[in-house]
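**Student:** Chains as they are written, first to last, in this note's numbering: chain R, 1 to 205; chain G, 1001 to 1205; chain X, 2001 to 2205; chain A, 3001 to 3205. Where a beta carbon is used, it is the ideal one built from N, C-alpha and C, also for glycine.
4 protein chains.
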Amino acid sequence: MAQAEDEREAARRAQILQGAARAFAHKGYHATTVKDIAAESGLAPGTLYLYFEGKRAILLGFLEYALDAAQTHVESLGAVPLEAALAQFLAERFVMLGQHAGIVKVLMAEAMFDEELQAQLRELLTVRVGNLIGGLLEHYGGERLSPTQRLTAVRTMQAAVIGWGVLLPGIGAELPGDADESARHLASLLTRGIDDILKGAQQDG
Amino acid sequence: MAQAEDEREAARRAQILQGAARAFAHKGYHATTVKDIAAESGLAPGTLYLYFEGKRAILLGFLEYALDAAQTHVESLGAVPLEAALAQFLAERFVMLGQHAGIVKVLMAEAMFDEELQAQLRELLTVRVGNLIGGLLEHYGGERLSPTQRLTAVRTMQAAVIGWGVLLPGIGAELPGDADESARHLASLLTRGIDDILKGAQQDG
Amino acid sequence: MAQAEDEREAARRAQILQGAARAFAHKGYHATTVKDIAAESGLAPGTLYLYFEGKRAILLGFLEYALDAAQTHVESLGAVPLEAALAQFLAERFVMLGQHAGIVKVLMAEAMFDEELQAQLRELLTVRVGNLIGGLLEHYGGERLSPTQRLTAVRTMQAAVIGWGVLLPGIGAELPGDADESARHLASLLTRGIDDILKGAQQDG
Amino acid sequence: MAQAEDEREAARRAQILQGAARAFAHKGYHATTVKDIAAESGLAPGTLYLYFEGKRAILLGFLEYALDAAQTHVESLGAVPLEAALAQFLAERFVMLGQHAGIVKVLMAEAMFDEELQAQLRELLTVRVGNLIGGLLEHYGGERLSPTQRLTAVRTMQAAVIGWGVLLPGIGAELPGDADESARHLASLLTRGIDDILKGAQQDG
DNA sequence: CATGAATGAGGGTTCATTCAT
DNA sequence: AATGAATGAACCCTCATTCAT
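#1: Would you call the stretch 1110-1130 of chain G and the stretch 26-43 of chain R in contact, with 3 or more CB pairs under 8 angstroms?
#2: Is there contact between the stretch 2039-2058 of chain X and the stretch 2125-2138 of chain X, where contact requires at least three CB pairs shorter than 8 angstroms?
#3: How would you write the range of the alpha helix (DSSP H) that residue 2126/X sits in, first residue to last?
#4: Relative to the alpha-carbon of residue 53/R, which residue among 13/R, 161/R, 3/R has its alpha-carbon at the smallest distance?
#5: Between residue 2162/X and chain A, is the shortest Cβ-Cβ distance under 9 angstroms, so that the two count as touching?
#6: Does the distance between the C-beta of residue 54/R and the nearest non-hydrogen atom of the ligand MG fall short of 8 angstroms?
#7: Could you name the residues of the same chain whose beta carbon sits closer than 7 angstroms to that of residue 2158/X, not counting the 5 residues immediately before and after it, in chain order?
#8: For the stretch 2095-2107 of chain X, enumerate the residues whose C-beta is nearer than 9 angstroms to any C-beta of chain A, in chain order.
#9: How many Å lie between residue 62/R and residue 2017/X at the Cα?
#10: In angstroms with no decimal places, state the Cα-to-Cα distance between residue 3163/A and residue 3015/A.
#11: Can you give me the C-alpha to C-alpha distance between residue 92/R and residue 1180/G, rounded to a whole angstrom?
#12: Just checking: is the beta-carbon of residue 3062/A within a distance shorter than 9 angstroms of some beta-carbon in chain X?
#13: Thinking C-alpha only, which one of 2048/X, 2103/X, 2049/X is nearest residue 2065/X?
#14: Since I believe residue 107/R is in contact with residue 121/R (beta carbons under 8 angstroms), could you give me their beta-carbon distance rounded to a whole number of angstroms?
#15: For chain A, find out if any of its Cβ atoms is closer than 9 angstroms to the Cβ of residue 2023/X; answer yes or no.
#16: State the Cα-Cα distance for the pair residue 2109/X and residue 2150/X, rounded to the nearest angstrom.
#17: Go through its chain and collect everything with a Cβ distance to residue 1040/G's Cβ below 6 angstroms, but skip five positions before and after it.
#18: Taking the alpha helix (DSSP H) that residue 45/R belongs to, which residues open and close that run?
#19: So the candidates are 2011/X, 2083/X, 2049/X; which of them puts its Cα closest to the Cα of residue 2185/X?
#20: Show which residues of chain X have a CB atom less than 8 angstroms away from the CB atom of residue 3109/A.
#21: Excluding the 5 residues preceding and the 5 following residue 188/R in the sequence, name in chain order all residues of the same chain whose CB lies nearer than 8 angstroms to its CB.
#22: Give the residues of chain G in contact with residue 31/R, contact being defined as C-beta atoms less than 7 angstroms apart.
#23: Does residue 1208/G get closer than 9 angstroms to chain R when you measure Cβ to Cβ?
#24: Do residue 3034/A and residue 3050/A have their C-beta atoms within less than 9 angstroms of each other?
#25: Which bits of chain A does residue 2046/X rub up against, with CB to CB less than 8 angstroms?
#26: Mind listing the chain G neighbours of residue 28/R? Cutoff is C-beta to C-beta under 7 angstroms, in chain order.
#27: Taking its Cβ as the centre, do 16 or more other Cβ atoms sit within 10 Å of residue 8/R, making it buried, or is it exposed?
#28: Using C-beta distances below 6 angstroms, list every residue in its chain close to residue 3183/A, excluding the 5 sequence neighbours before and after it, in chain order.
#29: May I ask you to report which of helix, strand or coil DSSP gives residue 108/R?
#30: Beta-carbon separation of residue 1101/G and residue 1140/G under 9 angstroms?
#31: First and last residue of the alpha helix (DSSP H) that includes residue 89/R?
#32: How is residue 1180/G classed by DSSP in three states: helix, strand or coil?
#33: Our contact map puts residue 2154/X next to residue 2137/X with C-beta atoms below 8 angstroms; I'd like the distance itself, whole angstroms only.
#34: Is DSSP giving residue 140/R helix, strand or coil here?
Spelled out as structure tokens, the structure:
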């Protein structure tokens, strides 16, 4: 009984989040009214408040999804070369960002001035994605980098991924080619730089 | 007479923009009321409307400053090596972004769902900053890159600059070291990648 | 269901219009705030916007009533002499104007400098009431009047009705006696003039 | 000295009233800002307050002119027949109303809900113009009318003049012909009615 | 005397939230 | 559980009025 209720509640929450995603993607957080979200969800405004504490709670609700979606596995990379691994990683990021562009844009925009949201996004992007990239580097000899070099490399990729995948589209700058092509080019550019650093670090050591 | 009036008007506009920058930086655009801006500017709410058409016009007013500030000269680079030129360029960007972090954050956040602002920012970031980076590349033999490679390199730096300077701080991720150090590290990383590409392109040619 | 909803909506609109009528009658359109109307209607300010697009739409809402109320039938006059018919017609106008004095005053006052309202009132007063009076005249041989004479007669009655019923009360000039008595006297005055014209026209013909 | 000052002050007041008349005529009282009046007067907003207590005082200022302009002489009518006298009287009214249509419209509209203005207009229209019409009637044997008949006749003409000259134009209803022609037609219509009443009253007496 | 920049109270309106049905 | 009509606080903006120059 409680099981079925939980499922129904989860379904409703998902229904609302999907409606909100469509609504937010179009007009952003502030220009979207609760009525808009309700209409897009096929529910009445009042119903939303049975599943979320308010409009802002719906926004925060997206992070649960995002946090789950960020759980990608590094282990499966195996013996793939760094550049190919990076390209695959970046392509996955870009595809995901492209699929959830609206939500991501809204989250980024709102997080800029919302400390709670900011903290959650930092957890998501700095810790989890950071760990992914860090794992990637370590997989390829990154342990030879100085802590600062390593952090720089991680941050650069974070910045590139976010800047490339979120901000440039956010201001309407077109990317060259599709997600895969973008990922390959970016991976190529970054790999050579990283590879070079790695070699340099090796020689230094 | 008209001269003095123009100066006074310019001074008032600057006074308001500075007040608005402080107000926006703290709470973002939507949470900041016109009364807040007025209080932070030391003026009455009604006075703002003598110098700007409305709250949104104040936001757009920042872009004039930004567009002017983006007018940096590449010519002065002379015989500096690519990495040093990049580092200097990036450091200037980071310093500027750091000084105007609040405004930049607000502009980015609002541009995500505001077509007019988006167009203006695209002009600023894609065209002007893009030209700067493009000029930098050409200065160092970028004409040997294929159009896609060249665009990728430009976009990467744009993305890195934006992502690094705006987004990571935007979500509260601290940069390693100060602006100069960040710039050096990032320049190093990018230069080697680009340099490698240039060499490869040269060999191909 | 939809039936009940329509009725409830109509009732709310009527409730608001009545509240607005009381508020406007007291202070006029501009001095009446939306809050006043809401208070007089027993509703919250925001509720008004569920039924009208804004303050001005409430004003325009009165015209629907007025346009309906103007749908009086001339056919029912039968063989009544002109003077009696006129007296009855005028008395009906005066009673209606007296009942809705506040609204009429507001509408007239606002229409003076509001083209849309002016157009609607013209439709109401010129076309509909004009047709009524015209029908009255034709019922009594007005076809023998020249177009200019006929228009003059119609305009005179319109002017008298409006001036008498709206303007004199508007400036606080008391009418002699009650509406019926006023109507009889005015009808007498006008009839003899018209009758005389009709006779003259007949002789000319 | 004081003489010259008074003249200058009177000239400034006139200058402002003329500017206000132009401004009000176009947009009405409420839609006209003090800045509009100042611009139309060729003065600065602050200057108006040296000659009038405020915006409303400027409106009231019109009545001084109007009260003076209403001082027309009945004595000069001499032996002119009633219809001609009426036609002349009406024509003069219509011309005056046409010349000052904007002001008159504003005054009428505002008087509807402004007790002080209403009192002044009542003095102007009821007493002075009423006396003019009453004088006209007496000049032609109106003393034989009963008080109610007399008041009806006076009111009818007042209503007709005001309704015709102010309200119909106010709602954009076109008058047939020019002021003179309108006056002749209206005079004809009214005269026959009044004349008939007078004859009837004579026979009754 | 004249100015017009500055003021700030008060307006119309929106929309997140509530609660009787 | 679901509804959506009702709410009212708070927003952006206007403009009559003031006063330092």
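**Tutor:** On the basis of the supplied data:
#1: yes
#2: no
#3: Along the third sequence, one-based indexing puts residue 2126/X at 126. Premise fails: residue 2126/X is in no alpha helix (DSSP H) and is neither H nor E.
#4: Within the first sequence, numbered from 1, the residue matching residue 53/R stands at position 53. Of the candidates 13/R, 161/R, 3/R, the one whose C-alpha sits nearest the C-alpha of residue 53/R is 13/R.
#5: Position 162 of the third sequence, counted from the first residue, corresponds to residue 2162/X. Answer yes: the Cβ-Cβ gap between residue 2162/X and chain A drops below 9 angstroms somewhere.
#6: For the structure depicted, the ligand MG is absent and the ligand set is empty, with no information on it obtainable.
#7: As a first step, residue 2158/X is located in the third sequence; it is residue number 158 there, counting from the start. 2125, 2129, 2130, 2133, listed in sequence order.
#8: 2105, 2106
#9: As a working mapping, residue 62/R is identified with position 62 in the first sequence. As a working mapping, residue 2017/X is identified with position 17 in the third sequence. Computed Cα separation, rounded: 45 angstroms.
#10: Start at 1 with the first residue of the fourth sequence, and residue 3163/A comes out as number 163. Start at 1 with the first residue of the fourth sequence, and residue 3015/A comes out as number 15. Using only the alpha carbons, I get a separation of about 30 angstroms.
#11: Counting from 1 along the first sequence, the entry for residue 92/R is found at position 92. Counting from 1 along the second sequence, the entry for residue 1180/G is found at position 180. Roughly 32 angstroms between the two C-alpha positions.
#12: By 1-based counting over the fourth sequence, the position of residue 3062/A is 62. No, because no Cβ of chain X sits closer than 9 angstroms to the Cβ of residue 3062/A.
#13: As a working note, residue 2065/X is residue 65 in the third sequence. Comparing Cα positions, the closest option is 2103/X.
#14: Translated into the one-based positions of the first sequence, residue 121/R becomes position 121. Translated into the one-based positions of the first sequence, residue 107/R becomes position 107. Indeed, because the Cβ distance is near 6 angstroms, the residues count as touching under 8 angstroms.
#15: Here residue 2023/X is taken as the residue at index 23 of the third sequence, counted from 1. No - not a single Cβ of chain A is within 9 angstroms of the one on residue 2023/X.
#16: Here residue 2109/X corresponds to residue number 109 of the third sequence, with the count starting at 1. Here residue 2150/X corresponds to residue number 150 of the third sequence, with the count starting at 1. Each residue's alpha carbon lies about 28 angstroms from the other.
#17: Position 40 of the second sequence, counted from the first residue, corresponds to residue 1040/G. Excluding sequence neighbours, residue 1040/G sits near 1019, 1022, 1023.
#18: Within the first sequence, the letter at position 45 stands for residue 45/R. Here the alpha helix (DSSP H) through residue 45/R covers 45-51.
#19: Counted from its first residue, the third sequence places residue 2185/X at position 185. Ranking the options by Cα distance to residue 2185/X, first place goes to 2083/X.
#20: Counted from its first residue, the fourth sequence places residue 3109/A at position 109. Residues of chain X passing the Cβ test: 2108, 2109, 2110, 2112, 2113.
#21: Taking the first residue of the first sequence as position 1, residue 188/R is located at position 188. Excluding positions up to five away in sequence, the list reads 83, 87.
#22: As a position in the first sequence, residue 31/R is number 31, starting the count at 1. Those within 7 angstroms of residue 31/R in chain G are 1113.
#23: In the structure displayed, chain G extends from 1001 to 1205; residue 1208/G sits before or after that span and is not available.
#24: Counting from one through the fourth sequence, the residue named residue 3034/A turns up at place 34. Counting from one through the fourth sequence, the residue named residue 3050/A turns up at place 50. Not a contact, by the Cβ cut-off of 9 angstroms.
#25: Walking along the third sequence from the start, residue 2046/X turns up at place 46. Correct list: empty, because the minimum Cβ distance to chain A is about 25 angstroms.
#26: Position 28 of the first sequence, counting from 1, holds the residue named residue 28/R. Near residue 28/R (Cβ distances below 7 angstroms), the residues of chain G are 1112, 1113.
#27: In the first sequence, residue 8/R corresponds to position 8, counting from 1. Per the 10 Å Cβ criterion, exposed.
#28: Residue 3183/A sits at position 183 when you count from the first residue of the fourth sequence. 3087, 3090, 3091, 3094.
#29: Indexing the first sequence from 1 puts residue 108/R at position 108. Helix.
#30: Sequence index remark: in the second sequence, residue 1101/G carries index 101 (1-based). Sequence index remark: in the second sequence, residue 1140/G carries index 140 (1-based). Against a cut-off of 9 angstroms, the Cβ pair of residue 1140/G and residue 1101/G comes out as no contact.
#31: Your numbering for residue 89/R matches position 89 in the first sequence. Run containing residue 89/R: 82-99, per the alpha helix (DSSP H) assignment.
#32: Start at 1 with the first residue of the second sequence, and residue 1180/G comes out as number 180. Three-state result, residue 1180/G: helix.
#33: Position 154 of the third sequence holds residue 2154/X. Position 137 of the third sequence holds residue 2137/X. Yes, residue 2154/X and residue 2137/X are in contact; Cβ-Cβ is about 7 angstroms, under 8 angstroms.
#34: Numbered from 1 along the first sequence, position 140 holds the residue referred to as residue 140/R. Three-state DSSP puts residue 140/R in coil, outside helix and strand.
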